[in-house]
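Chemist: Below you will find the structure I want to go over with you.
Protein chains: 2
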Amino acid sequence: MYALGTHLLIELRECNTKILSSLKEVQNILISAAKVAEATIVEVAFHEFNPFGISGMVIIAESHLSIHTWPEYKYAAVDIFTCGDTLKPDKAVAYLIEKFQSKNPSIVELKRGIISASNKKLPHKVCKEDIRNSESVSADLENESRQPAFSINQKFF
Amino acid sequence: MYALGTHLLIELRECNTKILSSLKEVQNILISAAKVAEATIVEVAFHEFNPFGISGMVIIAESHLSIHTWPEYKYAAVDIFTCGDTLKPDKAVAYLIEKFQSKNPSIVELKRGIISASNKKLPHKVCKEDIRNSESVSADLENESRQPAFSINQKFF
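Keeping their order, the protein sequence lines are chains L and Z.
Numbers given in this note's numbering equal positions in the first sequence, counted from 1, plus 38.
Numbers given in this note's numbering equal positions in the second sequence, counted from 1, plus 38.
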């Protein structure tokens, strides 16, 4: 079925505890994974917990990556939610497994936003041509693509 | 099976387009949803796209909430990832459906971090008592709970 988004739920077990415990390393790896996927990063937020554990998110123009680490269990839960046909989330998955040194990873892929009962392909990035072909999109949209316009948080890139 | 996290994947179809298009409203609703779930908010980041669409995330001490809106399709993909036994993500789901006026919502619940082959309950918030009962947790941890310690982004709350 055609969907607006692809959501990879990545279970990284038996990782390197030291890496999972480092705010700097976890952040660098997730940001690099977004770049490996050829995503456009627009927001980054990470948080370190006491006594251990990191949570972080990278908002990309094409949706997001998130991570939560449990160094005490050598485990991290990573999500890669992407839209459109141009990204390479599979490359990001391989990169994450390698960098966190996971000896027992697993991945589930889900479709998000299956909203056309007739399985019609709906444009993610609304452009003029798409609008002409899509009755469901307001005709008064004139911008060529869905680009970052404004953010609440300060940009890091 | 016992898991470290519970992940709700929420498909909000046939929502109110105007609400899905408003950065302020989407942000307020997601933050309020976190509060309805009785979560502890530690980071917030939202982004508005041109010509339309909002992406946002709320990192909570117990994991995260995220949202991506497609006003042109009256659709939003929301995720609520929680850890521990004390939160009320079900209340947040009902709140989100009401506030976005979704006429056709659906929810999938997944377990994240099933890491004990013997289905042993592993403590999310590592406290002294848990450590005594868990061989997998380093014995030198002395803090009573997994509390926010440091954040890369400025706190909003």
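Positions of the beta carbon are idealized from the N, C-alpha and C atoms, including for glycine.
These numbers were taken from a predicted model, which means no experiment stands behind them.
(1) For the pair the stretch 67-76 of chain Z and the stretch 44-54 of chain Z, tell me if three or more CB-CB distances fall below 8 Å.
(2) Could you check whether the Cβ of M95/Z sits closer than 8 Å to any Cβ belonging to chain L?
(3) Are the Cβ atoms of A114/Z and C53/Z separated by less than 8 Å?
(4) Go ahead and pull the three-state DSSP assignment for S156/L.
(5) Looking at A41/Z and I152/Z, is the spacing between their C-beta atoms short of 8 Å?
(6) From the DSSP output, which residues share a beta bridge with T44/L?
(7) Suppose contacts are defined by Cβ-Cβ distances below 8 Å. Is E97/L in contact with H45/Z by that definition?
(8) At a CB-CB cut-off below 8 Å, which residues of chain Z make contact with Y113/L?
(9) When burial is assigned at 16 or more other CB atoms within 10 Å of the CB, is K112/Z buried or exposed?
(10) So which residues on chain Z does E241/L lean against when the C-beta distance must stay under 9 Å?
(11) Is T156/Z buried or exposed, if buried means 16 or more other CB atoms sit within 10 Å of its CB?
(12) Along chain Z, which residues have their Cβ under 9 Å away from the Cβ of A130/L?
(13) Checking contacts by CB at 8 Å: is L68/L closer than that to chain Z?
(14) Going along chain Z in order, which residues have a C-beta closer than 9 Å to the C-beta of L160/L?
(15) Under 8 Å between the Cβ atoms of G43/Z and T124/Z?
(16) Since S104/Z meets chain L, which of its residues come closer than 9 Å, beta carbon to beta carbon?
(17) Ignore the nearest five residues each way along the sequence and tell me which others in K126/Z's own chain have a CB closer than 8 Å to its CB.
(18) Please report the Cβ distance between A99/Z and V82/Z, rounded to the nearest whole angstrom; I am assuming they are in contact, meaning their Cβ atoms lie under 8 Å.
(19) Where are the beta strand (DSSP E) runs, 3 residues long or more, that stay fully inside the stretch 56-93 of chain Z, in chain order?
(20) Assuming I57/L and E63/L are in contact, meaning their beta carbons sit under 8 Å apart, how far apart are those beta carbons, in whole angstroms?
(21) Leaving out the 5 sequence neighbours to the left and right, which residues in its chain are closer than 6 Å to E147/Z when beta-carbon positions are compared?
(22) So, T55/L versus P109/L, is the Cβ gap smaller than 8 Å?
(23) So for E49/Z, helix, strand or coil by DSSP?
(24) Measure the beta-carbon distance from S93/Z to H102/L and round it to whole angstroms, keeping in mind my assumption that it falls under 8 Å.
(25) When we look at the beta-carbon of V164/Z and count the other beta-carbons within 10 Å, is it buried (16 or more) or exposed?
(26) In this structure, what does DSSP give as the bridge partners for A115/Z?
(27) Tell me the DSSP secondary structure of N54/Z in three-state form.
Modeler: Taking the structure as given:
(1) Because the criterion of three Cβ pairs below 8 Å is not met, the stretch 67-76 of chain Z and the stretch 44-54 of chain Z do not touch.
(2) Output row for M95/Z: interface = yes.
(3) The answer is yes: Cβ separation under 8 Å.
(4) DSSP, read as helix, strand or coil, puts S156/L in coil.
(5) Contact: yes.
(6) Per DSSP, T120/L, K149/L.
(7) It is Ile, not Glu, that sits at residue 97/L in the sequence shown. Their beta carbons are not under 8 Å apart, which means I97/L does not touch H45/Z by this criterion.
(8) Within chain Z, L42, G151, I153 have C-beta atoms less than 8 Å from the C-beta of Y113/L, given in sequence order.
(9) That one is buried.
(10) Given a span of 39 to 195 for chain L in the structure shown, any question on residue 241/L remains unanswerable.
(11) As written in the sequence, residue 156/Z is Ser, which differs from the Thr given in the question. By the 10 Å Cβ count, S156/Z comes out exposed.
(12) Per Cβ cutoff of 9 Å: no residues; A130/L is ~17 Å from chain Z at best.
(13) So, not an interface residue.
(14) Residues of chain Z passing the Cβ test: W108, E110, Y111.
(15) The Cβ atoms of G43/Z and T124/Z do not sit closer than 8 Å to each other.
(16) The contacting residues are M95, I97, S101, H102, S104, D117, F119.
(17) Once the five neighbours on either side are set aside, the close Cβ partners of K126/Z are V74, A75, E76.
(18) Actually they are not in contact, since the Cβ atoms of A99/Z and V82/Z sit about 13 Å apart, beyond 8 Å.
(19) Correct list: 79-88.
(20) Right, the Cβ-Cβ distance comes to about 5 Å (below 8 Å), so this counts as a contact.
(21) By the criterion of a C-beta distance shorter than 6 Å, E147/Z is surrounded in its chain by L46, once the five residues flanking it on both sides are discounted.
(22) Their beta carbons are under 8 Å apart, which means T55/L touches P109/L by this criterion.
(23) Reduced to three states, the DSSP call for E49/Z is strand.
(24) So it is a contact: roughly 7 Å between Cβ atoms.
(25) Bear in mind that a pLDDT of 48 at V164/Z, under 50, signals an unreliable position, so the model cannot answer this.
(26) Per DSSP, E49/Z, H106/Z.
(27) In the three-state reduction of the DSSP assignment, N54/Z falls in the coil class.
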